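A.B. asks: The structure is given below, and queries will be raised subsequently.
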Amino acid sequence: MDIPSCDMCEHPAAWRRPWDNTLVCIMHFNKSFLKKVQKTINKYQMLKRDDIIAIGLSGGKDSVVLLDVMAKLQKNHSTKLIAISIDEGIENYRENGLHFAKLAAERANVDHHIFSYKEFFGYDLDEALMILGENRLSPCSYCGPFRRKLLNEAARKVGATKLITGHNADDEAQTLLMNVMRGDLLKTLHSNPIPKFKNKAFVNRVKPFRRTTEQEIVVYANLNQIPYQEMSCPHAVEAYRGKIRNILTNLSVDDPGVIFSIINSADSLHDLGGLVSNNLKHDGNKEIFDCKKCGEPTNNDLCNSCRLIIEIENRENM
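For any residue, its number in my numbering is found by taking its place in the sequence shown, counting from 1, and adding 33.
What follows is the structure, given as structure tokens:
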């Protein structure tokens, strides 16, 4: 069977883009992939030339590909890259992920730092869930706040001015739909692709893969022979996001461009959110306080992580 040629040259095609049916070879796929990421960074003004960038490196496909891409793009800038990994303490799963994270950091020749829930919070996730028992929230309800807090703390500790994560276009579309289905109008209107926290304790987080699909990332990893963790988190089956993901997957069969349509809608909603805020003489940002327990910035008396830690401690002492 003859392999069709790339639409841009005579080389064999390696992939067909589903949203426009363009055939591309490995060289042109890589070129367009890097160009798209750089264009996204520029479009949303995500990075400055003198930024010190911490990249959240889990070992999964999104983060290892992001590190590979940023290492290549960084050669043209004076930015510095530092990899940080979070050890949640999920047996077997996290050890496997850290293995691939270390390989990725070595491949990109960047410093790699590992921070653990156990060291920072006093509990790893498996231990916390065992203490809480069956009468608890979903694992993601604990892991999410812990991970976000520790990523921010880790980024601060390594001196980063920006924290980048591998959240892709599929993730962004899922988040928007989740906000809509939960009736969270404010989150939908203020879906800022570049959160700009005024509090210096927050390291601003950006997502260079905002307009890059999960499928493109998998293709990039495979074509460039980049190893990554394929094992899924054992707690993912309990997440509401999985149901939203299935809805989007089914929609994409008939409309391959639906992900980009949702992202474009999110951008428009963010612009609308700015207009609404201006008309209401409100900037859309909640007042920031210092957490009474840990001193970290929060919009409540206690940050989510400390509130959850107190719940675990109370359950442990029962």
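Note that beta-carbon positions come from the ideal geometry of N, C-alpha and C, so glycine has one too. Remember, predicted model here, so these are calculated numbers, not experimental data.
#1: Mind checking Ala46: buried by the 16 CB within 10 Å criterion, or exposed?
#2: Ala187 lies in the alpha helix (DSSP H); which residues open and close that run?
#3: Can you give the Cα-Cα distance for Gln71 and Arg82, rounded to whole angstroms?
#4: So Thr198 and Lys135 are in contact, right, with Cβ under 8 Å, and what is the actual spacing, rounded?
#5: Where DSSP assigns a beta bridge to Gly89, which residues make up the other side?
#6: Thr198 by DSSP, collapsed to three states: which one?
#7: Would you say the segment 188–208 touches the segment 232–249, given that touching needs at least three Cβ pairs under 8 Å?
#8: Classify Gly216: buried if its beta carbon has 16 or more other beta carbons within 10 angstroms, exposed otherwise.
#9: If we ignore side chains and look at the alpha-carbon of each, how far apart do Asp287 and Ile280 end up?
#10: Tell me whether Ser265 sits in a helix, a strand or coil according to DSSP, three-state version.
#11: Of the residues Ser38, Pro226 and His44, which one's Cα is nearest the Cα of Ser298?
#12: Within 10 angstroms of its Cβ, does Asn201 collect 16 or more other Cβ (buried), or is it exposed?
#13: Once DSSP output is grouped into helix, strand and coil, what is the label at Val97?
#14: Count the C-beta pairs between the segment 338–345 and the segment 247–262 that are closer than 8 Å, then say yes if the count reaches three, no if not.
#15: Report the partner residues of Trp48 according to the DSSP bridge assignment.
#16: Excluding the five sequence neighbours on either side, which residues of its own chain have a C-beta within less than 7 Å of the C-beta of Asn337, listed in chain order?
#17: State buried or exposed for Thr331, treating a residue as buried only when at least 16 other CB atoms are found within 10 Å of its CB.
#18: Which partner residues of Ile147 appear in the DSSP bridge assignment?
#19: For Trp48, does the count of other Cβ atoms within 10 angstroms reach 16, so buried, or fall short, so exposed?
#20: To the nearest angstrom, how far is the alpha carbon of Asn333 from that of Asn232?
#21: Please report the distance separating the alpha-carbon of Arg274 from that of Leu210.
#22: Measure the Cβ-Cβ separation of Ile88 and Ile123 and say whether it is below 9 Å.
#23: How many whole angstroms separate the CB atoms of Leu183 and Tyr150, which I take to be in contact at a CB cut-off of 8 Å?
#24: Do you know offhand how far Ser310's Cα is from Met79's?
#25: Would you call the CB atoms of Gln262 and Lys94 closer than 9 Å?
#26: Enumerate in chain order the residues of its own chain whose CB-to-CB distance from His145 is below 6 Å, with the five nearest sequence positions on each side excluded.
#27: Does the beta-carbon distance from Arg244 to Phe293 come in below 9 Å?
C.D. replies: Looking at the atomic coordinates:
#1: Counting from one through the sequence shown, the residue named residue 46 turns up at place 13. Flag for Ala46 reads buried.
#2: Taking the sequence shown and counting its residues from 1, one reaches residue 187 at position 154. From DSSP, the alpha helix (DSSP H) with Ala187 extends over Pro172 to Lys190.
#3: For the purposes of this step, residue 71 is identified with residue 38 of the sequence shown, where counting begins at 1. For the purposes of this step, residue 82 is identified with residue 49 of the sequence shown, where counting begins at 1. For Gln71 and Arg82, the distance between alpha carbons rounds to 13 Å.
#4: Residue mapping note: residue 198 aligns to position 165 of the sequence shown, counting from 1. Residue mapping note: residue 135 aligns to position 102 of the sequence shown, counting from 1. Their Cβ separation, rounded to whole angstroms, is 18 Å, which puts Thr198 and Lys135 out of contact at 8 Å.
#5: As a working note, residue 89 is residue 56 in the sequence shown. Paired residue(s): Ile117.
#6: Working through the sequence shown from its first residue, we reach residue 198 at position 165. Thr198: coil per DSSP, three-state reduction.
#7: yes
#8: What you label residue 216 is simply residue 183 of the sequence shown in a count that begins at 1. Its Cβ having fewer than 16 others within 10 Å, Gly216 is exposed.
#9: For the purposes of this step, residue 287 is taken as the residue at position 254 of the sequence shown. For the purposes of this step, residue 280 is taken as the residue at position 247 of the sequence shown. Their backbone Cα atoms lie some 12 Å apart in a straight line.
#10: On the sequence shown, position 232 is the one that residue 265 refers to. In the structure shown, Ser265 sits in coil (DSSP, three-state: anything other than H, G, I, E or B).
#11: Here residue 298 corresponds to residue number 265 of the sequence shown, with the count starting at 1. Ranking the options by Cα distance to Ser298, first place goes to Pro226.
#12: Stepping through the sequence shown from its first residue, residue 201 is reached at position 168. By the 10 Å Cβ count, Asn201 comes out buried.
#13: Against the sequence shown, residue 97 aligns to sequence position 64. Correct three-state label for Val97: helix.
#14: no
#15: Here residue 48 refers to the residue found at position 15 when the sequence shown is read from its first residue. DSSP, once it has assigned bridges, lists Val57 as partnering Trp48.
#16: Numbered from 1 along the sequence shown, position 304 holds the residue referred to as residue 337. These residues qualify, in order along the chain: Pro178.
#17: The residue labelled residue 331 in the question sits at position 298 within the sequence shown. Looking at its Cβ environment, which holds 16 or more other Cβ atoms inside 10 Å, Thr331 is buried.
#18: Walking along the sequence shown from the start, residue 147 turns up at place 114. Per DSSP, Ser118.
#19: The residue given as residue 48 occupies position 15 in the sequence shown. The residue in question, Trp48, is buried, as its Cβ has 16 or more Cβ neighbours within 10 Å.
#20: Position 300 of the sequence shown, counted from the start, is the residue given in the question as residue 333. Position 199 of the sequence shown, counted from the start, is the residue given in the question as residue 232. Computed Cα separation, rounded: 14 Å.
#21: Counted from its first residue, the sequence shown places residue 274 at position 241. Counted from its first residue, the sequence shown places residue 210 at position 177. Approximately 9 Å between the Cα atoms of the pair.
#22: As a working note, residue 88 is residue 55 in the sequence shown. As a working note, residue 123 is residue 90 in the sequence shown. No. Outside cutoff.
#23: Here the question's residue 183 lines up with position 150 in the sequence shown. Here the question's residue 150 lines up with position 117 in the sequence shown. Contact flag correct, Cβ pair sits at about 7 Å.
#24: In the sequence shown, the residue the question calls residue 310 occupies position 277. In the sequence shown, the residue the question calls residue 79 occupies position 46. Low local confidence applies: a pLDDT of 49 at Ser310 is under 50, so the model's placement there is unreliable, and no value is given.
#25: Residue numbering aside, residue 262 sits at position 229 when the sequence shown is read from its first letter. Residue numbering aside, residue 94 sits at position 61 when the sequence shown is read from its first letter. Taking 9 Å as the Cβ cut-off, Gln262 and Lys94 qualify as a contacting pair.
#26: Within the sequence shown, numbered from 1, the residue matching residue 145 stands at position 112. If we look at His145 and ignore the five residues flanking it on each side, its Cβ neighbours are Ala116 and Ala138.
#27: Residue numbering aside, residue 244 sits at position 211 when the sequence shown is read from its first letter. Residue numbering aside, residue 293 sits at position 260 when the sequence shown is read from its first letter. Yes, the Cβ-Cβ distance between Arg244 and Phe293 is below 9 Å.
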